[in-house]
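Q:
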Amino acid sequence: MKKMVTLLAAASLAFVFSLQPVVANIPAAAMTDERGVPTLAPMLEEVTPAVVNISVAGKRVTRQRLPEAFRFFFGPNAPQEQVREQPFRGLGSGVIIDAKNGYVVTNNHVIDDANEITVTLKDGRQFSATVLGRDEESDIALLQLENPRNLTQINIGNSDQLRVGDFVVAIGNPFGLGQTVTSGIVSALGRSGLGIDRLENFIQTDAAINSGNSGGALVDLNGNLIGINTAIIGASGGNIGIGFAIPANMMKNLVDQIIEFGEIRRGVLGVRGGNLTQELADALDIDRVRGAWVSEVLPESAAERAGIQAGDLILAIDGTPVHSFTELAAKVGTIGAGREVQLRVLREGREMNVTVELDERGTQQVNADSIHPALEGAELTREERGGIRIESVESGSPAARLGLREGDVIIAVNRQRVDSVQDLQRFVQNARGVVALNLRRGNSSLYVVLPN
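With mature numbering (1 follows the signal peptide of the UniProt record, and there is no 0) applied, the sequence shown covers -24 to -1, 1 to 428.
Structure below.
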């Protein structure tokens, strides 16, 4: 049976936790009833009012390229593609993180393309909501309720302190049934490589999570929010005991940026590398295989200024162990630009601490050959109004022979919109068969096909 990774927005719920004026605060001792029988009821009675349902409505635009025969029949002025708007409705979950201001956290895919967002509380009250900010790469969105009043918020826990085996509780609205609570343990930490988001550092749990739980809460036994439920692995989109949640610390870093700046100002370290294999560790005489191995330090980057060197093994960031290069990228990518972080580095058998002030992504140019060999010779940077701008093209380079010019803007790959270099890299690498880049050149639009 084929494995399927499923985002949980099909009939997904929204869990809302507010920080003021009511904060769920449950002592660990309150885990037995008056008869001394173990129970989670006291904690859940405090937390579940902060869990909300989110219903959305909107229109999605679909584009279909018309056949050549159609354009030939109607002449050169025939449309290149057919554009349709299709109405949709969806359900999700969310968490109130600030009761006073009416802030609700959910998944970005729950509210994507929505024109109307309605949040329903456990007591039945409904509020309209607007999107304050969103991050597609980590699948986090922040909503604000209109005229918030008498809300309950949840306390945000420290997800970096989680250990495999800790008990957790998932709260959501599976299959649109209504608020549902399931329990389990933390099955694994730092999960990545699932192809769900671009920044992956998931908490894995066996607490039953099903379609409809997107944006829902994963809490510890004290009622602290430690994750936002996002996806499951299952043959048909159903629970088989493998669910994933975005760590609360990652979520909070992103939400704080949205509240302060109105956008995500993503941090960049400026290194390339990978996971350390046993063979590579043996070759480099490194006595461990956990960590983020640095193969290259980009010129004029935050890492170079801090003294990071090629061959370093990054073991921890701000005291939290790093097990893989993917985990490092996810942690750095959700920390705001300009922030100082402390890295624990292993270099030639000696551990040291290095303080780094992160750059902001978008201020650095990217060598396009890291995305596809045919793009070698082009320098890329993110365009503020969308797309990837080609800053320069070396004469005689593969990029020049492909027909790329300085000032071109890559706006789509195989009709998938591109908003970041990471988008471009992911779409190119995941494409099967022909890879067609849609370019904007002045007032014209054209396609360039990358060679296989």
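The beta-carbon is built from N, C-alpha and C at its ideal position, and this holds for glycine as well. No experiment lies behind these values; they were computed from the predicted model shown.
With ASN251 and SER300 assumed to form a contact (beta carbons below 8 Å), what rounded beta-carbon distance in angstroms separates them?
A: 5 Å
Q: Tell me whether the segment 382 to 389 and the segment 305 to 312 touch, counting them as touching only if at least three CB pairs, one residue from each stretch, are closer than 8 Å.
A: no
Q: My assumption, with CB atoms under 8 Å, is that ARG381 sits in contact with VAL394. Please give the rounded CB distance.
A: Contact between ARG381 and VAL394 is ruled out by a C-beta separation of about 17 Å, above the 8 Å threshold.
Q: Spatial neighbours of THR331 within its chain, please: CB distance less than 7 Å, with the 5 preceding and 5 following residues excluded, ordered by chain position.
A: These residues qualify, in order along the chain: ALA282, GLU316 and GLN318.
Q: Can you find the residues in the same chain that come closer than 8 Å, C-beta to C-beta, to VAL424, ignoring five residues on each side of it along the sequence?
A: LEU378, GLY379, LEU380, ALA412, LEU413 and LEU415
Q: Could you check what DSSP says for residue 448 in three-state terms: helix, strand or coil?
A: No statement about residue 448 is possible, as the shown extent of the chain runs from -24 to 428 and does not include it.
Q: Determine, using beta carbons only, whether ARG248 and SER277 come nearer to each other than 7 Å.
A: no
Q: Using the C-alpha atoms, what's the distance from LEU20 back to GLU10?
A: 16 Å
Q: Once the 5 residues before and after ARG365 are set aside, which same chain residues still bring their CB inside 6 Å of it?
A: THR357, GLU359 and VAL385
Q: What number of angstroms, rounded off, separates the C-alpha of VAL162 from the C-alpha of VAL231?
A: 24 Å
Q: Quick check on residue 432: does DSSP put it in helix, strand or coil?
A: This structure does not reach residue 432, given that the chain is present from -24 up to 428, and the question cannot be answered.
Q: I'd like to know whether the C-beta atoms of ALA146 and ILE179 end up nearer to each other than 7 Å.
A: Between ALA146 and ILE179, the gap from beta carbon to beta carbon reaches 7 Å or more.
Q: Please name the residue, chosen from GLY192, SER31 and LEU289, that lies closest to ALA257 on a Cα-to-Cα basis.
A: LEU289
Q: Which class does GLN137 belong to by DSSP, given the choice of helix, strand or coil?
A: helix
Q: Between the beta-carbon of ALA306 and the beta-carbon of ASN126, is there less than 7 Å?
A: no
Q: Within the continuous alpha helix (DSSP H) that includes LEU378, where are the two ends?
A: Boundaries of the alpha helix (DSSP H) around LEU378: 374 to 378.
Q: According to DSSP, simplified to helix, strand and coil, what is GLU236?
A: helix
Q: In terms of residue numbering, what span does the beta strand (DSSP E) encompassing GLY203 cover?
A: 201 to 209
Q: Following the continuous beta strand (DSSP E) through MET328, name the residue where it begins and the one where it ends.
A: 326 to 333
Q: At the level of alpha carbons, what is the spacing between ILE347 and GLY363?
A: 15 Å
Q: On the three-state DSSP scale, how would you describe ASN126?
A: coil
Q: Taking GLY78 and GLN120 to be in contact with their CB atoms under 8 Å, please state how far apart those CB atoms are, rounded to whole angstroms.
A: 5 Å
Q: What residue range is occupied by the uninterrupted beta strand (DSSP E) comprising GLY160?
A: 156 to 167
Q: The beta strand (DSSP E) that contains residue 453, what's its start and end?
A: Outside the shown range of the chain (-24 to 428) lies residue 453, about which nothing can therefore be said.
Q: Hey, which unbroken runs of the alpha helix (DSSP H) at 4 residues or more fall wholly within the segment 58 to 92?
A: 84 to 87
Q: Comparing C-alpha positions only, which one of TRP269, ALA407 and ARG408 sits nearest to GLU255?
A: Proximity to GLU255 across TRP269, ALA407 and ARG408 peaks at TRP269, based on C-alpha coordinates.
Q: Please check the pair SER104 and ILE93, which I expect to be a contact at CB under 8 Å, by giving their CB distance rounded to whole angstroms.
A: Their Cβ separation, rounded to whole angstroms, is 7 Å, which keeps SER104 and ILE93 in contact under 8 Å.
Q: Taking only three categories from DSSP, how would you classify ASP111?
A: strand
Q: Rounded to the nearest angstrom, what separates GLN401 and LEU426 at their Cα positions?
A: Looking at the two C-alpha atoms, the distance is approximately 13 Å.
Q: Whose C-alpha, out of PHE143, ARG242 and ILE30, is nearest the C-alpha of VAL397?
A: ARG242
Q: Figure out for me which residue from LEU274, ALA117 and LEU291 has the closest Cα to the Cα of ILE72.
A: In terms of Cα proximity to ILE72, the closest of LEU274, ALA117 and LEU291 is ALA117.
Q: For the putative contact between VAL410 and ARG337, defined by C-beta atoms under 8 Å, what is the C-beta separation to the nearest angstrom?
A: With a Cβ gap of about 29 Å, VAL410 and ARG337 do not count as contacting.
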